[in-house]
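Residue numbers for the sequence shown follow our numbering, so the first one is 7 and each next one is one higher.
We put the beta carbon where it would ideally sit given N, CA and C, even for glycine.
Here is the structure we will look at.
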Amino acid sequence: MPMTRRNFLQQGTVAAIALTAAPSLMADPLGLPIGCQTYPVRASINTDFSGTMKGLSAAGFQTIELCSPFAYKDFSSLTQYKPQELRKMLNDYGLTCISAHFGTDELFNHAEERIAWAKELGLTQMATASLGFGTLRKGVPPTIDDVKRITDLFNTFAAKAHNSGIVAVLHNEGFEVTSIDGKRVYDMEIGYLDPKTVKLQFQISTMQNGFDPLDYFARFPDRYISMHCQDWIVEPDGKAKQVPLGKGVVDWKKVFTAAKKTGIKNYFVELEQDPSLMPLSIPYLRSLTV
């Protein structure tokens, strides 16, 4: 029977996966905790945060990346907990959380409150999925001036975060994979963002949009701190179908070798099409060396 979101969270299933995932908890390609982006299991988190974390831990994940409960409605139930309570619940299951995704509106307009929340939770990285969410004029094609305006806002937030010991992180998705006047928005953003206060998180699935992580890691050394990891196969109809890491088209040995050189500090498995596939990536990651 194929795994579903429900049986993914059942202790027996995830424990069995954990047993097959094997030896050393740190025997992954970068010597870093194997991470899980929690957006794919957001429905489970909203109804049973504790049980979901228990399942992820039993499956073999050691660190997670959350999404802001103030900006992501499927995480809104987490507002019932104080940050310290969330941190304790994670620690009780042997999980750490040093990174989370936030909406641009809360970062630009409620920076102090969100930074305080992040500090109490124990975060050292505050990421946003795209600078284009909620910041562009509706019905008006974006311009290069828009890119400059939005990156200025993010630089302002990043300076505040930096003063509190937190790194601001930009993810590349949505607006970032578009072009304006023949120029990639993402490349312009990297040029405008302050390298002293802003780091980058690479979305591996944007390889499908022509964004090569090896190219970006080489061109912008020391700028990248994190990755979201997806793998996929291309079906006969040309559509991409996500599969566990190591079972698809991505050459992970090359990706992790380049990531190691650029100083990646964490990475997160993220398979939104079928979250039950995420734990199946763990044995491969533990066997991969670079």
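- Message: So if DSSP puts Gln248 in a beta bridge, which residue, or which two residues, is it bridged to?
- Response: Position 242 of the sequence shown holds residue 248. In the DSSP output, where bridge partners are listed per residue, Gln248 has Trp238.
- Top-ranked residue by Cα proximity to Met284, from Glu276, Tyr290 and Leu291: The residue labelled residue 284 in the question sits at position 278 within the sequence shown. Of the listed residues, the one whose Cα sits closest to Met284 is Glu276.
- Residues near Phe262 by beta carbon distance below 7 Å, same chain, minus five either side: In the sequence shown, the residue the question calls residue 262 occupies position 256. Here the set comprises Pro35, Leu36, Leu294 and Val296.
- Item | Supposed close pair Thr110, Thr85 - CB separation, criterion 8 Å | In the sequence shown, counting from the first residue as 1, residue 110 sits at position 104. In the sequence shown, counting from the first residue as 1, residue 85 sits at position 79. Contact doesn't hold; Cβ gap of about 19 Å is too wide.
- Task: Whole angstroms is fine: what's the gap from Asp158's alpha carbon to Leu129's?
- Result: Taking the first residue of the sequence shown as position 1, residue 158 is located at position 152. Taking the first residue of the sequence shown as position 1, residue 129 is located at position 123. Each residue's Cα considered, the two are about 23 Å apart.
- Query: Got a sec, what are the start and stop residues for the beta strand (DSSP E) Met132 sits in?
  - Reply: Taking the sequence shown and counting its residues from 1, one reaches residue 132 at position 126. Looking at the DSSP string, the run of the beta strand (DSSP E) that includes Met132 is Gln131 to Thr134.
- Starting from Leu206, trace the beta strand (DSSP E) both ways and give me its first and last residue. Position 200 of the sequence shown holds residue 206. That run of the beta strand (DSSP E) goes Val204 to Gln209.
- Task: Pick helix, strand or coil for Thr268, following the three-state DSSP scheme.
- Result: The residue you call residue 268 lines up with position 262 of the sequence shown. Of the three classes helix, strand and coil, the one that applies to Thr268 here is helix, per DSSP.
- Item | Local conformation of Gly57 per DSSP, three classes | Taking the sequence shown and counting its residues from 1, the one referred to as residue 57 is at position 51. Reduced to three states, the DSSP call for Gly57 is helix.
- In chain order, what residues of the same chain lie with their CB nearer than 8 Å to the CB of Arg48, ignoring the 5 residues before and after it? Your numbering for residue 48 matches position 42 in the sequence shown. Only Cys73, Tyr78, Asp80 and Phe81 meet the Cβ criterion.
- Query: Straight-line CA distance for Leu206 to Asp218?
  - Reply: The residue you call residue 206 lines up with position 200 of the sequence shown. The residue you call residue 218 lines up with position 212 of the sequence shown. Rounded to whole angstroms, Leu206 to Asp218 spans 14 Å at the Cα level.
- Message: Just verifying my parser: in three-state terms, what is the DSSP assignment at Leu176?
- Response: Within the sequence shown, residue 176 is the residue found at index 170, counting from 1. Here Leu176 sits in strand by DSSP.
- Task: Quick one: grab the DSSP three-state call for Thr162.
- Result: Mapped onto the sequence shown, residue 162 falls at position 156. Reduced to three states, the DSSP call for Thr162 is helix.
- Query: Anyone know if the C-beta pair for Ala164 and Asp200 falls short of 8 Å?
  - Reply: Position 158 of the sequence shown, counting from 1, holds the residue named residue 164. Position 194 of the sequence shown, counting from 1, holds the residue named residue 200. Result yes, Cβ atoms of Ala164 and Asp200 sit closer than 8 Å.
- Specify the secondary structure class of Glu91 as computed by DSSP and reduced to three states. Within the sequence shown, residue 91 is the residue found at index 85, counting from 1. Reduced to three states, the DSSP call for Glu91 is helix.
- Query: Can you name the residues that DSSP bridges to Glu71?
  - Reply: Sequence index remark: in the sequence shown, residue 71 carries index 65 (1-based). Partner(s): Gln43 and Ser105.
- Item | Bridge-paired residues (DSSP) for Val275 | Stepping through the sequence shown from its first residue, residue 275 is reached at position 269. Answer is Cys42 and Cys235.
- Query: Looking at the structure shown, is Ser50 part of a helix, part of a strand, or coil, going by DSSP?
  - Reply: Within the sequence shown, the letter at position 44 stands for residue 50. Here Ser50 sits in helix by DSSP.
- Query: Thr295 lies in the alpha helix (DSSP H); which residues open and close that run?
  - Reply: In the sequence shown, counting from the first residue as 1, residue 295 sits at position 289. Unbroken run through Thr295: none, as it is neither H nor E.
- Query: Rounded to the nearest angstrom, how far is the Cβ of Cys235 from that of Leu220, given a contact under 8 Å?
  - Reply: Numbered from its first residue, the sequence shown carries residue 235 at position 229. Numbered from its first residue, the sequence shown carries residue 220 at position 214. Distance from Cys235 to Leu220 at the Cβ level is roughly 14 Å; contact not present, criterion being Cβ atoms closer than 8 Å.
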